[in-house]
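Please read the structure below before turning to the comments.
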Amino acid sequence: MEQSILERAERLFLEKGFEATSTTQIAKAVGCNQALVHYYFRTKDNLFNTIFETRFRRFFQQIFDTTYLSPLSFTDKIKHIIESHLDMLMAEPLMLRLIMNEFSRRPERIEMLKEKLHAVPEQLYTLMDAEIKAEIQAGRIRNVSFIELIIAIVSLNVGLVVIFPIAADVLGMSPQQRNFMITQRKEENVKIILGYLRS
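Read in order, the letters of the sequence shown are residues 936 to 1134 in our numbering.
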């Protein structure tokens, strides 16, 4: 039942937004009474935070497992992070909109995520930061911090996800053209970031 509540709530949040979704609507979508929703999560905020936490934890854990538990070169790790991040955003553009809206409207959600997810991002940060410094020391990349690199990656990928659907609609692109363009842009984003590191 708890998982069903999470799944239906996430769908409603994506479709309607957090503010426009009530626990009554969530209960109706699940097929249970409102008291059961409150029993598992107490408040709509707790339910929303659980969804956010699960999403972010899954992403960071996936990046960690597939990047730092495999023998990839530094370049391949960066390529994988860029592609995985963009794939996640493109798969669920409504989730990006929801996250941006809620982080803008409720900045305290960011602090909540930092507290809840401290271990996984911290582990990824420690390994990545050490590897970036080693690459700088070896003269293979320019002097850049972990934060600067992540901002560059996120800016490129988020910009693409926000702008591309509008441009595709205006230009009347077919599904095949959209897929081709996304593949091209993904490759271009990788080239831009790798070029940025080596400039």
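Ideal Cβ placement from N, Cα and C applies to all residues, glycine included. The structure displayed is predicted, hence computed values, not measured ones.
{"Check": "Quick check on DSSP: helix, strand or coil for Glu954?", "Outcome": "coil"}
{"Check": "Kindly indicate which residue of Tyr1060, Ser1109 and Phe948 has the alpha-carbon position closest to the one of Glu1083.", "Outcome": "Tyr1060"}
{"Check": "Assuming contact is defined by CB atoms lying nearer than 9 Å, are Leu1138 and Leu947 in contact in what I supplied?", "Outcome": "There is simply no residue 1138 to check, as the chain begins at 936 and stops at 1134 in what is shown."}
{"Check": "Count the CB pairs spanning the stretch 1125-1132 and the stretch 1074-1093 that are closer than 8 Å, and state whether there are at least three.", "Outcome": "yes"}
{"Check": "In whole angstroms, what separates the C-alpha of Ser1039 from that of Pro1100?", "Outcome": "22 Å"}
{"Check": "Please classify Leu1106 as buried or exposed, where buried requires at least 16 other C-beta atoms within 10 Å of its C-beta.", "Outcome": "exposed"}
{"Check": "Taking all protein chains shown into account, do 16 or more other C-beta atoms lie within 10 angstroms of the C-beta of Thr989, making it buried, or fewer, making it exposed?", "Outcome": "exposed"}
{"Check": "Can you say whether Ile1017 is buried or exposed, counting buried as having 16 or more other CB atoms within 10 angstroms of its CB?", "Outcome": "buried"}
{"Check": "Taking only three categories from DSSP, how would you classify Ser1080?", "Outcome": "coil"}
{"Check": "Exposed or buried, which one is Phe1115 when buried takes at least 16 other CB atoms within 10 Å?", "Outcome": "exposed"}
{"Check": "How should Met1063 be labelled, buried or exposed, when 16 other C-beta atoms within 10 angstroms of its C-beta is the threshold for buried?", "Outcome": "buried"}
{"Check": "Quick one: is Ile1086 buried, meaning 16 or more other Cβ sit within 10 Å of its Cβ, or exposed?", "Outcome": "exposed"}
{"Check": "Whole angstroms is fine: what's the gap from Val1097's alpha carbon to Asn984's?", "Outcome": "23 Å"}
{"Check": "Output the residue ranges of the alpha helix (DSSP H) runs that lie fully inside the stretch 955-988 and measure 4 residues or longer, sorted by chain position.", "Outcome": "958-965 and 969-976"}
{"Check": "Assuming Phe987 and Arg1044 form a contact by the criterion Cβ under 8 Å, report the distance between their Cβ atoms to the nearest whole angstrom.", "Outcome": "7 Å"}
{"Check": "Work out the CA separation of Val965 and Tyr974 for me, nearest whole Å.", "Outcome": "14 Å"}
{"Check": "Could you tell me whether the Cβ atoms of Leu941 and Leu1021 are closer together than 9 Å?", "Outcome": "no"}
{"Check": "Mind checking Arg977: buried by the 16 CB within 10 Å criterion, or exposed?", "Outcome": "exposed"}
{"Check": "Taking the alpha helix (DSSP H) that Phe1038 belongs to, which residues open and close that run?", "Outcome": "Pro1028 to Arg1040"}
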